[in-house]
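Data first, discussion second: the structure below is written as structure tokens.
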Amino acid sequence: MADPGPSPATAIIDATCSVFAKTSAYPSHDYCVDVLSTSDPASAASAKDERDLAIIAANATARNVTRTVGLIDDLSHELARCSESYARDMGGKVASALGDLVAGRKPGDKLLDAYNLGPSNCTLAVMLRWGYSKDLLAHENSANAALVLLARNIARLVPNSNRTASPAAIMNATCSSLLYNMYPGYDYCVGVLSSSDPAAAASARSRRDLAIIAANATAHNITSTVKLIGGLLSDLAECKVSYRRMGSAVDGALGDLVAGHDAPAGAASKLGDAAGDALSCDMAMSRRRGAAKNVLHQENWQNFVAARFASNIAFLE
Numbered sequence: 309m310a311d312p313g314p315s316p317a318t319a320i321i322d323a324t325c326s327v328f329a330k331t332s333a334y335p336s337h338d339y340c341v342d343v344l345s346t347s348d349p350a351s352a353a354s355a356k357d358e359r360d361l362a363i364i365a366a367n368a369t370a371r372n373v374t375r376t377v378g379l380i381d382d383l384s385h386e387l388a389r390c391s392e393s394y395a396r397d398m399g400g401k402v403a404s405a406l407g408d409l410v411a412g413r414k415p416g417d418k419l420l421d422a423y424n425l426g427p428s429n430c431t432l433a434v435m436l437r438w439g440y441s442k443d444l445l446a447h448e449n450s451a452n453a454a455l456v457l458l459a460r461n462i463a464r465l466v467p468n469s470n471r472t473a474s475p476a477a478i479m480n481a482t483c484s485s486l487l488y489n490m491y492p493g494y495d496y497c498v499g500v501l502s503s504s505d506p507a508a509a510a511s512a513r514s515r516r517d518l519a520i521i522a523a524n525a526t527a528h529n530i531t532s533t534v535k536l537i538g539g540l541l542s543d544l545a546e547c548k549v550s551y552r553r554m555g556s557a558v559d560g561a562l563g564d565l566v567a568g569h570d571a572p573a574g575a576a577s578k579l580g581d582a583a584g585d586a587l588s589c590d591m592a593m594s595r596r597r598g599a600a601k602n603v604l605h606q607e608n609w610q611n612f613v614a615a616r617f618a619s620n621i622a623f624l625e
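Structure below.
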């Protein structure tokens, strides 16, 4: 029995995707075949021409955009929760502990509570949902955790502290005691105590003075983190505007293609413009802290590629 050969739909997909292998059109042949044959198998099986394929590619782009908007909403929600945890919960505990230390009282477990309410809580909320790859505040959570635990560990040493005439001696003795049995260790301890408030460090005469320095450093870092979160929320809001615009452009192109308008270049142009919106989000998310900390880079790149691909298919119609 003779081989019937590829189905008409498979043939049109292969012929269309072969164009990408022969020209500089973007993206590759393999990407083209994969998207057209797997994103909507039923539509792929009934495709008769390039217009049908362009509709498949545009629909795949629209679904990607919808998923990305959902991710932006989720990230914004978690960031807002982190901001509240830092500003109200952790900040309140650190301020109360500072008041105790300045007044000569024991802060109890307030600094440990601050750790659990701030960086630990914020990290856990993001990690449980997405893992490390989407942790917008990985560095900040780690920094706040180290600071508040340093303050807590020094505060625990206060009852056994005597006043001394030498700030260097009390700092060395205190930080040495953290070297083997307490986090985060000697070098970090000396670095924070000597640089975060040099004037206070130069006049420190007891471990209580050092605990106050560490707690103040924690409070300053909390303020910086809350400010950063506000900026990141603004960046995510900008991304959402870009993706809403992208979604509208893709929907407009789909409407043209489905209606069979005699201006495929119009649909292709709309899809090309949509690709630019994905790049706008990428720039917004990289602007504040650099590309390395852009947690939406993968989604932005995928959406850019999807829109460019759909645009190129529409041009072939």
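Sequential numbering of the sequence shown, starting at 309, is according to the working numbering.
Ideal Cβ placement from N, Cα and C applies to all residues, glycine included.
Would you say residue i and residue j are within 8 Å of each other, going by their C-beta atoms?
i      : j      : result
Asp471 : Ser511 : Strictly speaking, residue 471 in this sequence is Arg, with Asp absent from that position. No, Cβ-Cβ distance for Arg471 and Ser511 is not below 8 Å.
Leu455 : Thr526 : yes
Ile521 : Leu536 : no
Val558 : Ala582 : yes
Thr533 : Tyr394 : yes
Leu383 : Leu436 : no
Ala353 : Ala319 : no
Thr324 : Leu361 : yes
Asn449 : Cys430 : yes
Val341 : Ala368 : no
Of the residues the options, which one's Cα is nearest the Cα of residue i?
i      : options                        : result
Glu392 : Arg437, Glu358, Leu541         : Leu541
Ala622 : Ala545, Leu587, Gly568         : Gly568
Asn611 : Ser594, Gly400, Ser550, Ser441 : Ser550
Leu406 : Leu465, Asn524, Thr533, Ala317 : Asn524
Arg396 : Gly584, Ser347, Tyr423, His605 : Tyr423
Leu518 : Arg464, Arg553, Val566, Asp322 : Arg464
Gln589 : Lys548, Ala388, Ser404, Leu379 : Sequence check: residue 589 is Cys here, not Gln. When only C-alpha atoms are compared, the closest one is Lys548.
Leu486 : Ala507, Ala459, Asp348         : Ala459
Ala370 : Pro335, Ser347, Glu358, Cys390 : Ser347
Gly539 : Asp495, Thr376, Met593, His337 : Met593
Arg516 : Ser428, Met479, Ser484         : Met479
Asp585 : Gln606, Gly560, Arg552, Ala576 : Arg552
Pro349 : Ile321, Thr376, Phe328, His337 : Ile321
Ala575 : Trp609, Glu607, Leu624, His605 : Leu624
Ala366 : Ser428, Ser577, Ser441         : Ser577
Leu565 : Glu358, Ser345, Phe328, Trp438 : Glu358
For residue i, count the other beta carbons within 10 Å of its own beta carbon; 16 or more makes it buried, fewer makes it exposed. Which is it?
i      : result
Gly580 : buried
Ser503 : exposed
Lys356 : exposed
Val426 : The amino acid at residue 426 is misidentified as Val; the sequence shows Gly. Looking at its Cβ environment, which holds 16 or more other Cβ atoms inside 10 Å, Gly426 is buried.
Lys414 : exposed
Leu419 : buried
Ser619 : buried
Leu432 : exposed
Asp543 : buried
The alpha helix (DSSP H) with residue i in it runs from where to where?
i      : result
Arg552 : 515 to 567
Thr472 : That residue, Thr472, is in no alpha helix (DSSP H); it is neither H nor E in DSSP.
Tyr496 : 494 to 503
Asn372 : 358 to 392
Ala459 : 446 to 465
Pro506 : 506 to 510
Ser336 : Counting along the chain, Ser336 falls outside any alpha helix (DSSP H), and DSSP gives it neither H nor E.
Gly399 : 399 to 410
Arg437 : 429 to 438
Lys418 : 418 to 423
Val613 : 605 to 624
Out of curiosity, what's the CA-to-CA distance linking residue i and residue j?
i      : j      : result
Phe617 : Thr531 : 44 Å
Ala599 : Ser315 : 44 Å
Met309 : Ser326 : Residue placement at Met309 cannot be trusted, given a pLDDT of 45 that sits under 50; what the coordinates show is reported in the next sentence. Looking at the two C-alpha atoms, the distance is approximately 29 Å.
Asp417 : His385 : 29 Å
Pro475 : Ala509 : 7 Å
Tyr339 : Val402 : 53 Å
Gly411 : Thr374 : Inspection of the sequence shows that residue 411 is occupied by Ala rather than by Gly. Going by the C-alpha atoms only, they are around 54 Å apart.
Met554 : Gly563 : 14 Å
Ala451 : Val603 : 19 Å
Leu587 : Arg595 : 12 Å
Asn529 : Gly499 : 15 Å
Ala446 : Ala545 : 20 Å
Asp421 : Gly493 : 20 Å
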